[in-house]
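Undergrad: Mind looking over this structure? Questions follow.
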Amino acid sequence: MEILIALSHGFAVALTPYNLMWATLGVTIGTAIGVLPGIGPALTVALLLPVTYSLEPTSAFIMFAGIYYGAMYGGSTTSILLNAPGESGSIVTAIDGHAMARQGRGAQALATAAIGSFIAGTLATVALTFVAPLMVKMALLFGPAEYFALMVLALTTVTAVLGSSLSRGLASLFFGLALGLVGIDLQTGQARLTFGIPELLDGIDTVVVAVGLFAIGETLFVASRHRYETEEIFALKGSKWMSREDWSRSWKPWLRGTLLGFPIGALPAGGSEIPTFLSYLVEKRLSKHPEEFGKGAIEAVAGPEAANNASAAGTLAPLLSLGLPTSATAAIMLAAFQQYGLQPGPTLFDTNPDLVWGMIASLYIGNFLLLLLNLPLVGIWVKLLVIPRPWLYAGILVFATLGAYTLNNNVIDLVVLWIIGVIGFGMRVLDVPVAPCVVGLILGPLAEQQFRRALAISQGDPMVFFTHPLSLALLVIAALLVIVPVVIRMTRGRREPEPVNSDLKT
Amino acid sequence: MRHANFRTLRHAFTAAAVAGALALGASHASAQVKGLELIAPASPGGGWDQHARAVQQVLQKLDLATGIQVVNIPGAGGTIGLAQFVTAKKRSPSLLVGGQIMVGAIVTNKSPVTLDQVTPLARLTGEYTAIVVPTDSPITSLQDILAKFKADPGSVSWGGGSAGGSDQILAGLIAKKVDIDPAKINYVATAGGGELMSSILGGHITLAMGGYNEFAPQIEGGKLRAVAVSSPERLPGVQTPTLKEQGVDIEFVNWRGVFAQGAVKASDKKQLDEMMGKMAASPEWKEILKQRGWIDQYQPADEFAAFLKNERSQIEVTLTDLGLVK
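Right, dumping it as structure tokens:
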């Protein structure tokens, strides 16, 4: 009850016209920077920090929270329409979202992303209100061994995106894993595969690779086919609203995505990519239409988008209750807290209830504002696809190149982007799927770090992965995810004369 | 395109700030530095970025410089930013923010440019390193750690920031003082921040090292216990004993400062040196130090240069001892 009273007080703070204005400004800026690849919420908050100095802390944080959520929303738009993910949390969305857009179902993809984000954001904010301390306790149980097991679990996602040929899929995965090795090894400080180029010391940016493979590779491919096959791209086929079937195929993924996103977002090394991978995998395994995955399944947009937004709320749990920043944006928000002389942590709820509860209330309001802002925009966004083909392709290439440059203001990133883009084009020509590469690039380095840390702490004893109950449980789930479909396929194969190999056909 | 937008935005902010300053009638334009660029060789949000933006804020408020821009060039412990700073031909004055981590990174990354090619201008702040354990750990003093470490070096997992960074260097210095090969330290590098904090709060590592302030809320909240701090004397209002008090004669400060370009003219250097001196002495700067929990370690250009020379040789030796540089 106390929480509800505190929360209603928070709404009273957030709903003043003055704070409402800052919330609106925040979500608008957030959506804009989410749409533009390269500029993330962290940079925006950093730039705005000196400007907001004269503002009331409560108003400033209401705006910052709006920017954070808004960026999550906006990130999906470029993913779906241009196949150019603006941030790593929306990479998975691009796989099926862009396929939907090409079939004239871009409006539905954007709508399921927007509504899914709204529902996930709202539910996760409710969870943040009530179970944040519990989440944080759970998060602390995660040591390197547990993280490694979680990465292994996420790595099984690869089985859902392998494509028609096992060997091609694995080749793509290993290419991604190799790319992930580039840079300074965190544990020893030694450089790997950098070829004496200092700009490569920090590794290759995931977004650069995703944009290179998805946007550049894909655009080069369709452009090269332009004269021979005229693939029809529809801006909008039929209604721009989601059909009854769309709704019934979306609502469960939204909820499951939220369930995955919030707790993993609360993990200090969880991040936003892992829940989106897991959501994709879960949806494909549970779907009645697994064959549509990769070709525009609405579940594959609904689930990961919900997971992405829920993880954003999850990140706020350790920030508010422990003062632990678990993402770049959370780190800059921590700096913002300190600018106002506030120290997040267990005492913040007691010392500054107006601020904390006002901010939590503004998250509810922000979600609502975002839905209001984004749904009407859907019709306008899909008009992008009406642009004459050559212009659109040129536009995508320019847009992707600019985005990659602004990530680090670094010319080497451009070279990497275009090399990867050309490789992506080659992969498309040879029918090698690109998604496993991205999965390998993101998860490989994370898994390696945690694996080595776990072994360093256990002084080289590999049993640590099996003696920790949480780690063991995660590894068993991962093993089941790989083995069960194979077993099902084999038994089904025995019963039916013609085996329907659903997983390998997609 | 967006880059340009942000520039315009930033100019607008700057213009607004300048207009504000003029309106207040603050104008001692005599020693004003025009079009100052501050390079933060790190991503937004990190320590160097926060320093650059704090310097920007105070210089602007005091009207010591105009048109100040912060440029982020992140990467490789600051060595990417350093390399661009050294090679770029600048028309307007340009300063690079840096610190102890950069000294180590130059060595471990085999950086083609070093601090020989820049001019130390001012040391600004420092942070003393704390060694902390979870409250329920049996370890209560530095002696407990050292006893465990001497008995079985691998059994103590030392958590801290990146390999070759300040935390690992201090661990190496401590090991050497107690006559154990620093290469035997079981150092667990993390990306710092939340990752390190959750590893130590969850009891996954034996101890964690980092700036005292980072741990302060958890120490006050009773979740972590600080067993030693690397300052020469106990920190004000803090009971934690120093390394020296516990028989390990080491003083260690993770400092941050600013550098000017290598080819800076003597007259320009003097002007910049005076500007930083005025800033460091201002109540506005002291206020920011208090807010952020940074400790004032201001040294003007000449003192800083002498300090840096000594610091660099110590760090290089320690990194070799740790086996990170061969």
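Sequence order for the protein chains is X and A.
Take -6 as the starting number for the first sequence in the working numbering and just add one per residue.
Take 20 as the starting number for the second sequence in the working numbering and just add one per residue.
Glycine included, each C-beta is placed from N, C-alpha and C at the ideal position.
Can you pull the chain X residues whose beta carbon is under 7 Å from the beta carbon of Pro93(A), in chain order?
TA: Asn401
Undergrad: Please go through the stretch 59 to 114 of chain A and give each complete beta strand (DSSP E) segment of 3 or more residues, from N-terminal end onward.
TA: 88 to 91
Undergrad: For Thr199(X) and chain A, any beta-carbon pair shorter than 8 Å?
TA: no
Undergrad: Does the pairing of the stretch 60 to 78 of chain A with the stretch 366 to 384 of chain X give three or more beta-carbon distances under 8 Å?
TA: no
Undergrad: Using only alpha-carbon positions, find the residue among Ile158(A), Ile204(A) and Thr159(A) that is nearest to Gly179(A).
TA: Ile204(A)
Undergrad: Cα-Cα, which of Ala354(X), Phe392(X) and Leu40(X) is closest to Thr115(X)?
TA: Ala354(X)
Undergrad: Please return the same chain residues whose Cβ sits closer than 6 Å to the Cβ of Ala194(A), not counting the five positions on each side in sequence.
TA: Correct list, in chain order: Pro201 and Ile204.
Undergrad: Should Phe392(X) go down as buried or exposed, given a rule of 16 or more other Cβ atoms within 10 Å for buried?
TA: Label assigned to Phe392(X): buried.
Undergrad: Would you say Phe168(X) reaches chain A, if we count a Cβ-Cβ gap shorter than 8 Å as a contact?
TA: Cβ-Cβ to chain A under 8 Å: no for Phe168(X).
Undergrad: Ala299(X) and Ser83(X) - do their beta-carbons sit closer together than 8 Å?
TA: no
Undergrad: Near Gly515(X), what residues of its chain come up, given a Cβ to Cβ distance below 8 Å and the 5 sequence neighbours on each side ignored?
TA: With chain X covering -6 to 499 only, the question about residue 515(X) has no answer from this structure.
Undergrad: By alpha-carbon positions, which one of Val477(X), Gly433(X), Thr484(X) and Ala471(X) ends up nearest to Gly162(X)?
TA: Gly433(X)
Undergrad: Please classify Arg237(X): is it buried, with 16 or more other beta-carbons within 10 angstroms of its beta-carbon, or exposed?
TA: exposed
Undergrad: So which residues on chain X does Leu220(A) lean against when the C-beta distance must stay under 7 Å?
TA: Per Cβ cutoff of 7 Å: Leu133.
Undergrad: Are the CB atoms of Val457(X) and Ala142(X) within a distance shorter than 8 Å?
TA: no
Undergrad: Do three or more CB pairs link the stretch 120 to 137 of chain X to the stretch 210 to 224 of chain A at distances below 8 Å?
TA: yes
Undergrad: According to DSSP, is Asp171(A) helix, strand or coil?
TA: coil
Undergrad: Could you check whether the Cβ of Gly183(A) sits closer than 8 Å to any Cβ belonging to chain X?
TA: yes
Undergrad: May I ask you to verify whether the stretch 69 to 81 of chain X touches the stretch 311 to 327 of chain X, counting CB pairs closer than 8 Å and requiring at least 3?
TA: Taking 8 Å as the limit for Cβ pairs, the verdict is that the stretch 311 to 327 of chain X does not touch the stretch 69 to 81 of chain X.
Undergrad: Let me know the alpha helix (DSSP H) ranges lying completely inside the stretch 427 to 458 of chain X, each 4 residues or longer, listed in chain order.
TA: Segments of the alpha helix (DSSP H) lying fully in the stretch 427 to 458 of chain X: 428 to 450.
Undergrad: Assuming the contact rule is C-beta atoms closer than 8 Å, Lys288(A) and Ala299(A) should be a hit. Round their C-beta distance to whole Å, please.
TA: With a Cβ gap of about 16 Å, Lys288(A) and Ala299(A) do not count as contacting.
Undergrad: Assuming Leu390(X) and Ile209(X) make a contact with CB atoms under 8 Å, what is their CB distance in whole Å?
TA: 7 Å
Undergrad: Consult DSSP for Lys129(A) and reduce its assignment to one of helix, strand or coil.
TA: Of the three classes helix, strand and coil, the one that applies to Lys129(A) here is coil, per DSSP.
Undergrad: If we ignore side chains and look at the alpha-carbon of each, how far apart do Ala53(X) and Glu146(A) end up?
TA: 28 Å
Undergrad: Can you name, in chain order, every residue of its own chain whose Cβ lies under 7 Å from the Cβ of Asn403(X), other than the five neighbours on each side?
TA: Glu192
Undergrad: Below 8 Å on the Cβ atoms is my contact criterion, and I expect Val118(A) with Asn273(A) to pass it. Report the Cβ-Cβ distance as a whole number of Å.
TA: Val is not the amino acid found at residue 118(A); the sequence shown has Gly there. Contact holds; Cβ gap of about 7 Å.
Undergrad: Note down, in chain order, each residue of its chain lying with its Cβ closer than 8 Å to the Cβ of Phe323(A), except the 5 sequence neighbours on either side.
TA: Pro139, Leu140, Ala141, Arg142 and Gly276
Undergrad: So for Val116(A), helix, strand or coil by DSSP?
TA: strand
Undergrad: Whole-angstrom Cβ separation of Val52(A) and Ala95(A), contact assumed at under 8 Å?
TA: With 8 Å as the limit, Val52(A) and Ala95(A) do not qualify as a contact, their Cβ atoms being about 29 Å apart.
Undergrad: Using a Cβ-Cβ distance under 8 Å, would Ala40(A) count as near chain X?
TA: Below a pLDDT of 50, predicted positions are generally treated as unreliable, and Ala40(A), at 44, falls in that range; the measurement from the model is reported next regardless. Ala40(A) does not count as touching chain X.
Undergrad: Just to confirm, is the Cβ distance from Glu292(X) to Glu276(X) under 8 Å?
TA: yes
Undergrad: Comparing the C-beta of Arg98(X) with each C-beta of chain A, is any distance below 8 Å?
TA: no
Undergrad: Under DSSP, the alpha helix (DSSP H) around Pro137(X) begins and ends at which residues?
TA: Pro137 to Leu148
Undergrad: Rounded to whole angstroms, how far is the Cβ of Ser272(X) from the Cβ of Pro297(X), which I believe are closer than 8 Å?
TA: 5 Å
Undergrad: Ile99(A) versus chain X: which residues are under 7 Å apart at the beta carbon?
TA: Pro191 and Glu192
Undergrad: Among Arg98(X), Ile450(X), Met56(X) and Ile55(X), which one has its Cα closest to the Cα of Met235(X)?
TA: Arg98(X)
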